[in-house]
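Those protein sequences? They're chains A and B, same order as listed.
Our numbering applies: residue 1392 is where the first sequence begins, and numbers increase by one.
Our numbering applies: residue 261 is where the second sequence begins, and numbers increase by one.
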Amino acid sequence: MSASTDTKATDATAPATTEAKAPQASAIVSALASTERPQRPGPLSTSLTFGWRALLKIKHVPEQLFDVTAFPIIMTLMFTVLFGGALAGSTDQYVQFFLPGIMVQSLIMITMYTGHTLRTDIEKGVFDRFRSLPIWRPSALVGMLLGDTVRFTIAAIVTSVVGLFLGWRPGGGFLGVTQGVLLILVFAFSLGWIWTFLSLLLRSANSIMGVAMLIITPLTFGSNIFVDPATMPGWLQVWVGVNPVSHLVTAVRELMGGMPLGSSLALTLLWSAGLVAVFGTLTMWKYRDPR
Amino acid sequence: MSDLAIETHGLVKVFGKERAVDGVDLAIERGGIHGFLGPNGAGKTTCIRMLATLLRPDAGTATVLGHDVVHAADEVRSLVSLTGQFASVDGDLTGRENLRLIGKLFGYSGPQALKRADELLGAFGLEGAADRQVKKYSGGMRRRIDIAASIVVTPELLFLDEPTTGLDPRSRNEVWDIIRAMVGTGTTVMLTTQYLDEADQLADRISVIDRGTIIAEGTSSELKASVGSGSLHVRVMHRADRAAAKAILEKELGVEISEPVDPQALTAAIEKSGPVTRALTALEAANIDLAQFSLGQPTLDEVFLALTGHPAEDSTDEEAAA
């Protein structure tokens, strides 16, 4: 067995049929004869295996990293340069306030692709295989969301680098920024369960994106990402006050800015746990019998 | 524990207004290949998906290898494998990665999963394509990797949902060889197909399903006996001759001759081939030119016509949606 076979060697565009040999009946029989059954793996192991699958997909289809690199750059540059002067006097000052917020916004927008990807997987039939395996049921979805956190991390790094170029100087230093990113990742993972549920509920990838956009717009724009809510009308302030994204942004600002922590961190974690509890349950209920 | 591989009572699945599976009773013994024959939309796939725990029945009960598919779904999953009508492997990954993934999900360590993947790639003649993405495979290779993925851990019961639909004849023969090779090893195979020919070649017993219900069950010779042992197809050169040709065939063969939609064609169910030679001679003597004639097994259409009184048309696109 050549365990170290180079995986890139034949990944070219050679015609498909030429090198396939006929199947060997005797070898199939001997392969079937090994009735050895490995020990059933635990939930963590199968989830990580599905995470490995997500990484393999990134390796084979690197285009899917386009959204996590280009999108944060465009969002950060556009809003900082466009509004910075008007909102805070200078882009330099605005980016100090704005960068944690735009990082949250970019990552939340990118989570939508989770639902899109899952729906595409279901339509291709590969989930039939996963669902017929004797494994901890949520592991295919957990693994997928874990794989997505890799993409989210890339988006967070890209946003930070763009921010540093624009003059962002976080008071919390590297440690504070890392903690802030981790908190966003926890929230993004939890939010992902809304999209997994939608992708089992709705029948087309496009309708998932449409509904997701309807949910994300009030969550991100109706928050404290762009401006201090003090200037907003009262009813909008009420919404901003209950919006979990506002709590997340406040907590991330506190962590990254090295400021004293308020109640936002705990509220964000509570919201995350609630999202997983509600939409994780709904997802797994729908996962038994998706259409 | 029951010694039946599959046992169902009044299995029902409703999609919207349509009863895709409408009270299916099955009792399938362990071992060998069981054919599940029916046209598109008959409910084959829906039935298989319920048995493989991918869909929940709306009514009725089903046990697979002694375990209830709803209440003991996990036990069922650990004993069965499914090769779906649409490739149930990941097209973005390579063949080897797909098999390693399944191996690891079954609990093999990294090196064990790789070893098993290479063993199966060799057995299925796919070493040369091991590191190519599955979406670049030909239809036949895709089917093979799909079946290979189903036996990473040897299942006690393997569902093969239309394993040869859309394959060229050579690839189809290869898949048949694979299925035959598996029979000797004790794995029970449940094979759905729309081709009588395929069920005939492979299956020990066949259940015929139509519009969500089982309409016949038996060995392939039993089923064929119900529609005559063979069928004659004749196509006259000039459509004006059809009536005359029909009269001659009726006289020589002594059976009813049916007139298909094609205005030049005639078909008949026959018992023996002897009278056919005489009938053809008689046609020649009457100066009726033939464009084509053939003698063969009854087609699925004829079996269906005989069993149900309606042709095996595509009734709905339910299977594609399910």
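Ideal Cβ placement from N, Cα and C applies to all residues, glycine included.
Assignment of H1451 (chain A) by DSSP, reduced to helix, strand and coil, places it in the helix class. The continuous stretches of alpha helix (DSSP H) do not include F346 (chain B), and DSSP gives it neither H nor E. Judged by DSSP secondary structure, V1420 (chain A) falls within the alpha helix (DSSP H) whose first and last residues are A1416 to A1424.
Boundaries of the beta strand (DSSP E) harbouring K273 (chain B): L264 to F275, taken from the DSSP string.
Along the region 303 to 318 of chain B, going in chain order, the ones with a CB nearer than 7 angstroms to a CB of chain A are A312, T313, L314, L315 and R316. About 12 angstroms separates the Cβ atoms of L418 (chain B) and L325 (chain B), ruling out a contact at the 8 angstroms cut-off. Residue pairing of S491 (chain B) in beta bridges, as defined by DSSP: B:A529 and B:G556. If you draw a straight line from the Cα of A373 (chain B) to the Cα of T414 (chain B), it comes to about 14 angstroms.
Rounded to the nearest angstrom, the Cβ distance from L1658 (chain A) to H1638 (chain A) is 4 angstroms, consistent with a contact under 8 angstroms. The region 372 to 387 of chain B makes no contact with the region 1524 to 1536 of chain A, as fewer than three CB pairs between them are under 8 angstroms. Closest by C-alpha distance to T1508 (chain A), out of B:L297, B:A525 and B:D352, is B:D352. If the five residues before and after F1588 (chain A) are omitted, its C-beta is found closer than 7 angstroms to the C-beta atoms of F1670, L1673, T1674 and K1677, all from its own chain and listed in chain order.
M1650 (chain A) sits in coil when the DSSP states are folded into three classes, being neither helix nor strand. The C-beta of P423 (chain B) has 16 or more other C-beta atoms within 10 Å across all chains shown, which makes the residue buried.
When 8 angstroms is used as the limit between beta carbons, D328 (chain B) is near no residue of chain A, the shortest such separation being about 14 angstroms. Annotation: M450 (chain B) is outside any alpha helix (DSSP H); the continuous beta strand (DSSP E) that includes it extends over T448 to T453.
Here S467 (chain B) is bridged, per DSSP, to B:F296 and B:E477. Taking 7 angstroms as the upper bound on Cβ-Cβ separation, chain A lies near residues D378, E379, L380, G382, A383, F384, G385, L386, G388, A389, D391, R392, Q393, K396 and Y397 of the region 378 to 397 of chain B. Chain A has no Cβ within less than 7 angstroms of the Cβ of I288 (chain B).
With a cut-off of 8 angstroms on Cβ pairs, the region 1481 to 1498 of chain A is in contact with the region 1547 to 1564 of chain A, counting three or more such pairs. Excluding residues up to 5 positions away in sequence, A280, V281, T306, M310, L315, P317 and D318 lie with their Cβ nearer than 7 angstroms to the Cβ of K273 (chain B) in the same chain.
At a C-beta separation below 7 angstroms, P1414 (chain A) has these neighbours in chain B: A383, F384, G385, R404, E434, D437 and I438.
Selection A:V1517, A:V1577, A:D1619 and A:W1443 evaluated against G1665 (chain A) yields A:V1577 as nearest (Cα-Cα). Taken in chain order, the members of the region 1519 to 1540 of chain A whose beta-carbon sits within less than 7 angstroms of a beta-carbon on chain B are D1519, R1520, R1522, S1523, L1524, P1525 and I1526. At least one C-beta of chain A is nearer than 7 angstroms to the C-beta of R337 (chain B). A302 (chain B) sits close to D470 (chain B), with the two beta carbons spaced by under 7 angstroms. Per DSSP, reduced to three states, the secondary structure at E510 (chain B) is helical. Rounded to the nearest whole angstrom, the C-alpha separation of R1594 (chain A) and K1515 (chain A) is 13 angstroms. Rounded to the nearest whole angstrom, the CA to CA distance from G1567 (chain A) to G385 (chain B) is 54 angstroms. Per DSSP, the continuous alpha helix (DSSP H) segment holding E1514 (chain A) begins and ends at T1482 to K1515. For the set B:T313, B:I548, B:I293 and B:L555, the Cα lying nearest the Cα of A500 (chain B) is the one of B:I548.
Here L492 (chain B) is near A528 (chain B), since their CB atoms are less than 7 angstroms apart. Under the 7 angstroms criterion on CB atoms, G1516 (chain A) is classed as interfacial with respect to chain B. For the pair A409 (chain B) and R356 (chain B), the CB atoms are not nearer than the 7 angstroms cut-off. The beta carbon of W1559 (chain A) sits closer than 7 angstroms to the beta carbons of V1486, Q1487 and L1490 from its chain, once the five residues preceding and following it are set aside; these are given in chain order. At a cut-off of 7 angstroms between beta carbons, P1453 (chain A) makes no contact with chain B.
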